[in-house]
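> Letter by letter, the sequence shown follows residues 134 to 230 in our numbering. Yeah, the Cβ is synthetic: ideal placement off N, Cα and C, and Gly gets one too. Sharing a structure with you now.
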Amino acid sequence: MAISGLVVTLSEDPAGAAALTVLNSDPRLTLGERFSRRVAVVAETPSARDDRELFDELRATQGVTQVDVTYVHLDTEPAASELSHQGLTEEEPHAHC
């Protein structure tokens, strides 16, 4: 899992308002306070690759003029969904006496 703290800057035209609607509807994003054209955003994705893809999507969104990264946390262990995607399974816990 990847968790990123972002600051998204919106354009001043109607595209900025439309971009805010797009951000609000994305389940990977939690929006925080808005300061003028800037919006604090927390992004949660299953992997570092998905996090990078989301970052690129945000930068390409019409009405978004800039995306600044303020924080990134990457889990060191892959999520179960990543393991199954790779054809792997999680090991069963073993009891040692």
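1. Hey, out of E166, G196, V202, whose CA is closest to A148's CA?
2. Please state whether DSSP places T209 in a helix, a strand or coil.
3. Considering just the uninterrupted stretch of the beta strand (DSSP E) at T178, what are its terminal residues?
4. In the DSSP output, what is T163 paired with across the bridge?
5. Among the residues of its own chain, which have a CB less than 7 Å from the CB of V202, if the five just before and after it don't count?
6. Would you mind reading off the limits of the beta strand (DSSP E) that contains G138?
7. Is it buried or exposed for A176, if we count other Cβ within 10 angstroms and need 16 for buried?
Result, derived from the coordinates:
1. Distance check between A148 and each of E166, G196, V202 places G196 closest, using alpha-carbon atoms only.
2. In the displayed model, T209 falls within coil according to three-state DSSP, outside both helix and strand.
3. 171 to 178
4. V175
5. Same-chain partners within the cutoff: S137, L139.
6. 135 to 143
7. Counting Cβ neighbours within 10 Å, A176 comes out buried, since at least 16 surround it.
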